[in-house]
Ligand code: CUA
């Protein structure tokens, strides 16, 4: 009985800590218990429902177990005494009741899950925007598609979408399996090399929603984050038009542009210049992004300088090597990057 009391005490402490942690969880960027879109509303109902059923089942089993332990009949015979075999006392019926109830609950949950999957399979209306996202070790390439080739452009790690409209995503893997997840807007979809997976999502109100790769994909898996920024449709349209332009063409000196093209242009692209590399993120309008290195660092001049001067110190294993630059050249590259607005 002392052991049981100790277990109950431990359980109470764990429960108290879990409740105390709830506000922290609610404020966490990847909190999956709040929904900000049509699709997430539907799946959130299932998440909460299945969680409630599971908690209820655990409580019922714990209560029955505690009841059985407390009501254990005392031994009425001496050790070594011979006891006559008696007929069944009705205990077997509990097995049938338990199995029957579990089967009903599990079948109900399966039907509910399949129904929710069917509901979220297709968007309510055809999505006006399709975005192609490619998972790389360890960053996200984002390409905005259009029937008009002159309106297609590429960016990285920050995905703008219009509010109140379903948006279709085509997910492609370039190296290993990744997984695309924006918990406030949609469930996870794997990003698999050699196949295109589709996903749709919709944001109800403007805002910034955190996303994360959720399939272990190597050393920097945890640093493969992204942001989804939902804008009112008009603002989104303006943003798209701005992205098609080359960044502030007049504000960088030709010498700075030439140095960047020579040192960085074989991996990175900047629209409207000779830098057209595709190995790393497209850096056109880099200064409009909130984060760099796939959500690892805030996009401040100091952090950008730290990242460019020694990427391996910040994100070991990343494909970007320490550039061979004199301090003066490094300062020039940093100055040039600040003009990419
Ligand atoms: Cu990509 Cu984990």
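Residue numbers (the working numbering): 385 to 725.
Note that CB positions come from ideal geometry on N, CA and C, so glycine has one too.
| residue 444 - DSSP class collapsed to helix/strand/coil | Within the chain shown, the letter at position 60 stands for residue 444. Residue state, collapsed to three classes: helix.
| Should residue 522 be listed as close to ligand 1, given that the test is whether its C-beta is under 7 Å from any heavy atom? | For the purposes of this step, residue 522 is taken as the residue at position 138 of the chain shown. Checking every heavy atom of ligand 1 against the Cβ of residue 522, one is found closer than 7 Å.
| query | Contact check, residue 652 vs residue 659 under 8 Å by CB: the rounded distance? | reply | Within the chain shown, numbered from 1, the residue matching residue 652 stands at position 268. Within the chain shown, numbered from 1, the residue matching residue 659 stands at position 275. Going by Cβ atoms, the distance from residue 652 to residue 659 rounds to 6 Å, so yes, they are a contact pair.
| task | Pick helix, strand or coil for residue 416, following the three-state DSSP scheme. | result | In the chain shown, the residue the question calls residue 416 occupies position 32. In the structure shown, residue 416 sits in coil (DSSP, three-state: anything other than H, G, I, E or B).
| said: For the beta strand (DSSP E) containing residue 719, name the first residue and the last one. | reply: Translated into positions along the chain shown, residue 719 becomes position 335. Careful: residue 719 lies outside any beta strand (DSSP E), inside the alpha helix (DSSP H) at 711–721.
| said: Any heavy atom of ligand 3 closer than 7 Å to the beta-carbon of residue 605? | reply: Only ligand 1 can be found as ligands here, which leaves ligand 3 out of the picture.
| message | Rounded to whole angstroms, what is the Cα-Cα separation between residue 428 and residue 498? | response | Along the chain shown, one-based indexing puts residue 428 at 44. Along the chain shown, one-based indexing puts residue 498 at 114. The alpha-carbon separation between residue 428 and residue 498 amounts to approximately 14 Å.
| Identify the residues that DSSP records as bridge partners of residue 544: which are they? | The residue you call residue 544 lines up with position 160 of the chain shown. Residue 544 is bridged by DSSP to 613.
| query | Where in the stretch 541–627 do unbroken runs of the beta strand (DSSP E), each at least 3 residues long, occur, reported from the N-terminal end onward? | reply | Correct list: 542–546, 551–557, 562–565, 573–575, 581–585, 591–597 and 609–615.
| task | Apply the 10 Å Cβ neighbour rule to residue 544 and answer buried if 16 or more other Cβ atoms are within range, or exposed otherwise. | result | Within the chain shown, numbered from 1, the residue matching residue 544 stands at position 160. By the neighbour-count rule (16 or more Cβ atoms within 10 Å), residue 544 is buried.
| request: Within the same chain, show all residues whose beta-carbon is closer than 6 Å to that of residue 431, passing over the 5 residues directly before and after it, in chain order. | output: Here the question's residue 431 lines up with position 47 in the chain shown. Beyond the five residues adjoining it in sequence on each side, residue 431 comes within less than 6 Å, by CB distance, of no other residue in the same chain.
| request: For residue 451, count neighbouring C-beta atoms within 10 Å of its own C-beta (all shown protein chains included) and say buried if the count is 16 or more, exposed if not. | output: As a first step, residue 451 is located in the chain shown; it is residue number 67 there, counting from the start. Taking every protein chain shown into account, the CB of residue 451 has fewer than 16 other CB atoms within 10 angstroms, so this residue is exposed.
| query | What is the DSSP secondary structure of residue 488, reduced to helix, strand or coil? | reply | Numbered from 1 along the chain shown, position 104 holds the residue referred to as residue 488. Note: residue 488 maps to helix in three-state DSSP.
| task | Tell me whether residue 597 counts as near ligand 1, meaning its Cβ is closer than 7 Å to at least one heavy atom of that ligand. | result | Translated into the one-based positions of the chain shown, residue 597 becomes position 213. In this structure, residue 597 has its beta carbon less than 7 Å from a heavy atom of ligand 1.
| said: ligand 1 and residue 519: does any heavy atom of the ligand fall closer than 7 Å to the residue's C-beta? | reply: What you label residue 519 is simply residue 135 of the chain shown in a count that begins at 1. Checking every heavy atom of ligand 1 against the Cβ of residue 519, one is found closer than 7 Å.
| message | Would residue 551 and residue 563 qualify as a contact pair, given that the criterion is a beta-carbon distance under 8 Å? | response | Taking the first residue of the chain shown as position 1, residue 551 is located at position 167. Taking the first residue of the chain shown as position 1, residue 563 is located at position 179. Going by C-beta atoms, residue 551 is not nearer than 8 Å to residue 563.
| query | With 16 as the cutoff for other CB atoms within 10 Å, does residue 420 come out buried or exposed? | reply | The residue labelled residue 420 in the question sits at position 36 within the chain shown. Looking at its Cβ environment, which holds 16 or more other Cβ atoms inside 10 Å, residue 420 is buried.
| request: For residue 730, write down the residues that DSSP places opposite it in a beta bridge. | output: Summary: the structure shown does not reach residue 730, with the chain confined to residues 385 through 725, and so no result is reported for it.
| task | Could you tell me how far apart the beta carbons of residue 698 and residue 709 are, in whole angstroms, since I believe they sit closer than 8 Å? | result | As a working note, residue 698 is residue 314 in the chain shown. As a working note, residue 709 is residue 325 in the chain shown. Rounded, the Cβ-Cβ distance is 16 Å, inconsistent with contact.
| When every heavy atom of ligand 1 is checked, does at least one fall within less than 7 Å of the C-beta of residue 608? | The residue given as residue 608 occupies position 224 in the chain shown. Ligand 1 approaches residue 608 closely enough that one of its heavy atoms is under 7 Å from the residue's Cβ.
| message | Please state whether the Cβ-Cβ distance between residue 635 and residue 539 is less than 8 Å. | response | As a working mapping, residue 635 is identified with position 251 in the chain shown. As a working mapping, residue 539 is identified with position 155 in the chain shown. No, these two residues do not count as a Cβ contact at 8 Å.
| Going by alpha carbons, who is nearest to residue 600 out of 593, 581, 594 and 609? | Mapped onto the chain shown, residue 600 falls at position 216. Ranking 593, 581, 594 and 609 by CA distance to the CA of residue 600 puts 609 first.
| How far does the alpha helix (DSSP H) with residue 696 in it reach, from first residue to last? | As a working note, residue 696 is residue 312 in the chain shown. Taken as a continuous stretch (DSSP letters only), the alpha helix (DSSP H) holding residue 696 covers 695–698.
| Separation of residue 689 from residue 715, as counted between CA atoms | Taking the chain shown and counting its residues from 1, the one referred to as residue 715 is at position 331. Taking the chain shown and counting its residues from 1, the one referred to as residue 689 is at position 305. Between residue 715 and residue 689, the C-alpha separation is close to 8 Å.
| Selected residue, minimal CA-CA separation from residue 521, among 494, 597, 589 and 509 | The residue given as residue 521 occupies position 137 in the chain shown. Selected option, being the one with the closest Cα: 597.
| task | Classify residue 660 as helix, strand or coil using the three-state DSSP reduction. | result | Working through the chain shown from its first residue, we reach residue 660 at position 276. Note: residue 660 maps to strand in three-state DSSP.
| Once you ignore the five residues that flank residue 523 on each side, which residues in its own chain have a CB closer than 7 Å to its CB? | Reading the chain shown from its first residue, position 139 is the one you call residue 523. Once the five neighbours on either side are set aside, the close Cβ partners of residue 523 are 540, 541, 608, 665 and 678.
| message | Once the 5 residues before and after residue 632 are set aside, which same chain residues still bring their CB inside 6 Å of it? | response | Locating residue 632 in the chain shown gives position 248, counting from the first residue. 723 and 725, listed in sequence order.
| request: For residue 706, count neighbouring C-beta atoms within 10 Å of its own C-beta (all shown protein chains included) and say buried if the count is 16 or more, exposed if not. | output: Mapped onto the chain shown, residue 706 falls at position 322. It counts as exposed.
| Can you check whether the CB of residue 644 is closer than 8 Å to the CB of residue 717? | Within the chain shown, the letter at position 333 stands for residue 717. Within the chain shown, the letter at position 260 stands for residue 644. Cβ atoms of residue 717 and residue 644: closer than 8 Å.
| residue 586 versus residue 647 - alpha carbon distance | By one-based count along the chain shown, residue 586 stands at place 202. By one-based count along the chain shown, residue 647 stands at place 263. Taking the CA atoms as reference points, residue 586 sits about 40 Å from residue 647.
| field | Inter-residue spacing [alpha-carbon to alpha-carbon] between residue 514 and residue 668 | value | Counting from one through the chain shown, the residue named residue 514 turns up at place 130. Counting from one through the chain shown, the residue named residue 668 turns up at place 284. Spanning the alpha carbons of residue 514 and residue 668 requires a straight line of approximately 20 Å.
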